[in-house]
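Colleague:
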Amino acid sequence: SSEDIVDKTTSDESDNSSPTPTQPLHQKHPRQQQQGEVLLTGKRPSKRKAGPVRFETRQKDEILHLQAQVIELKAQLVKSQSKHSLMSTSDSVSAWERAARRELAEKNKSLRENEQLQSAVTEQATFIKHMQNIFAKKPRLATMGGDAMSLDTWQEYKLAAQASLREAAIHAIADRQFTRQQNAFILAGLFERTDVLFHAGPRTLPDGSHVLEYIYHMTLPAPYGVVGNACWQVYNGERPPTMADNAERVCAVRECMSFAFAIEIGNRMHTTEALDARTVYVKYTETLASGDVNHVNVIHKHYIEPDRHVIVWRAVLEDALRPAMATGNVQNEWGWIVIAPVPEDPTQCRLALLGQVPHDVGSPVKVCPCAGEELMDNITSFVQNLSLGDASSLVLPSLDDQHADADVNFMNRGKRLELALQVSVKDAVATYRAQLATVAGAL
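Given below as structure tokens:
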């Protein structure tokens, strides 16, 4: 009866309004809670903005969308086939109606294709942006902007005056030099080498260019991290090559990780500018007795990898902050040092050094007095003393850097660098052995 229906409806409503175990009496419905917040604050809660969808997420969503679309299209195909069979057997459907249905199907097909194209365009745009972010990291060209002194000039080893462009160019030059290390070592016979090698002299590269180079390869009785940090102390200015006894530090400025200092030695000026703990820019200027001025501006950078330390250096050929370089003699040189552990004995390491400078094949080869047999004898004696735990007899000869010939200056600086590395490595090895002795004594 109607009264029974009313009673049943009332009972159902009462049951629906009663609390359930998952919804206590004191808990409000989400919509009621939201309305309460609006009444109290007068504002609706703001919706969280969705962040940009990454390429990988969009790709997954596209796959799920296509799968759902396949299921839907199959259902439509079955339905359409059944309708088509019904239409083909029915004489009541006019030709216009059939034509209209075909046009509607084509319209829906075009809309679906347009949606797919728009999705593909968005996907490709996201992918392009994703790849641009990856490629912009090396060699740090994205920060260099569209300035005239940006994209092409750093590839010519030129530095701009603007600080941001200058720093980006320094890193880009060093990073590119780092990528050339393996090929250079293969050509020089240093790649995966195990025996001792010392060489100084000219060589013709596969591209037909001529260089003057010096090569060291030796095994040292200390872990590669100890030797790598000791070598970097020479290149970052903490323990630079000795140039004269009357060297005077005339300027010292330190701000956070960026600092610079200059050493003036009569007619020579040596300035070191640190961009960070692993990147420095060294500027060296000397005036010869003839009045000519030599400029050697070099970028040094230290790369620490899980299985080796790599130090690269590359000369800057033009610096907007040093206009005097345009009228002086600018030295062009580059090189690498690689310190890697000995696979059979991690307490030892192999140090490989390759330094090169362009050489005029028509000019006679001139090397410094400390090259040749004396070079090999000195290095061999140094390694032997380290192995025996005694490098106190190391003698540091004085060299005259003032020479008009660039090749001689290059070899002289290489010799001074070699001596500075010997001193730094010797001290690092001594400290390492002292620490081992302390640990052994404590046990």
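Numbers given in the working numbering equal positions in the sequence shown, counted from 1, plus 688.
Here a beta-carbon is modelled for each residue, glycine too, at the ideal position from N, C-alpha and C.
Nothing here was measured: the structure is a model prediction, and the numbers come from that model.
If you drop the 5 nearest sequence neighbours on each side, which residues of the same chain put their C-beta closer than 8 Å to that of E811?
Modeller: Here residue 811 refers to the residue found at position 123 of the sequence shown. The answer, listed in chain order, is F743, R746, Q747 and E750.
Colleague: Let's see if you can read the secondary structure: which residues bound the beta strand (DSSP E) around G1043?
Modeller: The residue you call residue 1043 lines up with position 355 of the sequence shown. Note, G1043: beta strand (DSSP E), D1033 to P1046.
Colleague: Can you give me the start and stop residues for the beta strand (DSSP E) that V884 sits inside?
Modeller: As a working mapping, residue 884 is identified with position 196 in the sequence shown. Here V884 belongs to no beta strand (DSSP E), and DSSP marks it neither H nor E.
Colleague: Taking the DSSP output, what are the residues bridged to Y904?
Modeller: Along the sequence shown, read from residue 1 onward, the residue named residue 904 stands at position 216. In DSSP, Y904 forms a bridge with F886 and L1041.
Colleague: Using CA coordinates, which residue listed in L908, W1022 and H983 is at the minimum distance from T975?
Modeller: Within the sequence shown, residue 975 is the residue found at index 287, counting from 1. Comparing Cα positions, the closest option is H983.
Colleague: By DSSP, does T973 sit in helix, in strand, or in coil?
Modeller: Counted from its first residue, the sequence shown places residue 973 at position 285. In the structure shown, T973 sits in a strand (DSSP, three-state: E or B).
Colleague: Per DSSP, what kind of secondary structure is T925 in: helix, strand or coil?
Modeller: Your numbering for residue 925 matches position 237 in the sequence shown. At residue 925 the sequence reads Gly, which differs from the Thr that was named. In the structure shown, G925 sits in coil (DSSP, three-state: anything other than H, G, I, E or B).
Colleague: Identify whether P1011 lies in helix, strand or coil by the three-state DSSP scheme.
Modeller: Position 323 of the sequence shown, counting from 1, holds the residue named residue 1011. Looking at P1011 - three-state DSSP - the assignment turns out to be helix.
Colleague: For R1002, which of helix, strand or coil comes out of DSSP?
Modeller: Here residue 1002 corresponds to residue number 314 of the sequence shown, with the count starting at 1. If DSSP states are grouped into helix, strand and coil, R1002 belongs with the strands.
Colleague: Should E791 be labelled buried (16 or more other beta-carbon atoms within 10 Å of its own) or exposed?
Modeller: Numbered from its first residue, the sequence shown carries residue 791 at position 103. The residue is exposed, with fewer than 16 neighbouring Cβ atoms inside 10 Å.
Colleague: Report the option in E801, L1039, T960 and A1014 whose CA atom is closest to the CA atom of D980.
Modeller: Numbered from its first residue, the sequence shown carries residue 980 at position 292. Answer by Cα proximity: A1014.
Colleague: When you compare each of I874, E961 and H887 to E1106 by their alpha carbons, which one comes out closest?
Modeller: As a working note, residue 1106 is residue 418 in the sequence shown. Among I874, E961 and H887, the Cα nearest to that of E1106 belongs to H887.
Colleague: Just to confirm my understanding: we take D1078, look at its own chain, exclude 5 residues before and 5 after, and list those with CB closer than 7 Å. What are they?
Modeller: Numbered from 1 along the sequence shown, position 390 holds the residue referred to as residue 1078. With a pLDDT of 47 at D1078, under the threshold of 50, the modelled position of this residue cannot be trusted; read the value that follows with caution. Once the five neighbours on either side are set aside, D1078 has no close Cβ partner at all.
Colleague: Measuring straight from C-alpha to C-alpha, what distance separates A862 and Y902?
Modeller: For the purposes of this step, residue 862 is taken as residue 174 along the sequence shown, with counting starting at 1. For the purposes of this step, residue 902 is taken as residue 214 along the sequence shown, with counting starting at 1. Rounded to whole angstroms, A862 to Y902 spans 20 Å at the Cα level.
Colleague: Please determine if the stretch 850-865 and the stretch 1027-1044 are in contact, where contact requires at least 3 C-beta pairs separated by less than 8 Å.
Modeller: With the cut-off at 8 Å, the stretch 850-865 and the stretch 1027-1044 do not touch.
Colleague: How far does the beta strand (DSSP E) with E993 in it reach, from first residue to last?
Modeller: As a working mapping, residue 993 is identified with position 305 in the sequence shown. Start and end: V981 to E993.
Colleague: Using 8 Å as the cut-off, can you tell me whether the stretch 984-992 makes contact with the stretch 957-970, which would need three or more C-beta pairs spanning the two stretches below that distance?
Modeller: The answer is yes - the stretch 957-970 touches the stretch 984-992, with three or more Cβ pairs under 8 Å.
Colleague: I'd like the span of the alpha helix (DSSP H) that includes A965, first residue to last.
Modeller: As a first step, residue 965 is located in the sequence shown; it is residue number 277 there, counting from the start. No alpha helix (DSSP H) contains A965, which DSSP labels as neither H nor E.
Colleague: Measuring straight from C-alpha to C-alpha, what distance separates Q850 and P928?
Modeller: Translated into the one-based positions of the sequence shown, residue 850 becomes position 162. Translated into the one-based positions of the sequence shown, residue 928 becomes position 240. For Q850 and P928, the distance between alpha carbons rounds to 28 Å.
Colleague: Report buried or exposed for T1126, applying the criterion of at least 16 other Cβ atoms within 10 angstroms of its Cβ.
Modeller: Along the sequence shown, one-based indexing puts residue 1126 at 438. Exposed is the call here.
Colleague: What's the gap between the Cα of V1111 and the Cα of M819?
Modeller: Indexing the sequence shown from 1 puts residue 1111 at position 423. Indexing the sequence shown from 1 puts residue 819 at position 131. Cα-Cα distance, rounded: 46 Å.
Colleague: In the structure shown, what three-state DSSP assignment does T959 receive?
Modeller: Locating residue 959 in the sequence shown gives position 271, where the first residue counts as 1. Strand, per DSSP.
Colleague: Tell me the DSSP secondary structure of N802 in three-state form.
Modeller: Position 114 of the sequence shown holds residue 802. It is helical.
Colleague: How should N985 be labelled, buried or exposed, when 16 other C-beta atoms within 10 angstroms of its C-beta is the threshold for buried?
Modeller: On the sequence shown, position 297 is the one that residue 985 refers to. By the 10 Å Cβ count, N985 comes out buried.
Colleague: Tell me which residues share the same chain as A1040 and place their Cβ nearer than 6 Å to its Cβ, disregarding the 5 neighbours each side in the sequence.
Modeller: Taking the sequence shown and counting its residues from 1, one reaches residue 1040 at position 352. The answer, listed in chain order, is L878, H905 and V1026.
Colleague: Would you tell me roughly how many angstroms separate the C-alpha atoms of N871 and F815, rounded to the nearest one?
Modeller: What you label residue 871 is simply residue 183 of the sequence shown in a count that begins at 1. What you label residue 815 is simply residue 127 of the sequence shown in a count that begins at 1. Distance between the alpha carbons of N871 and F815 is about 32 Å.
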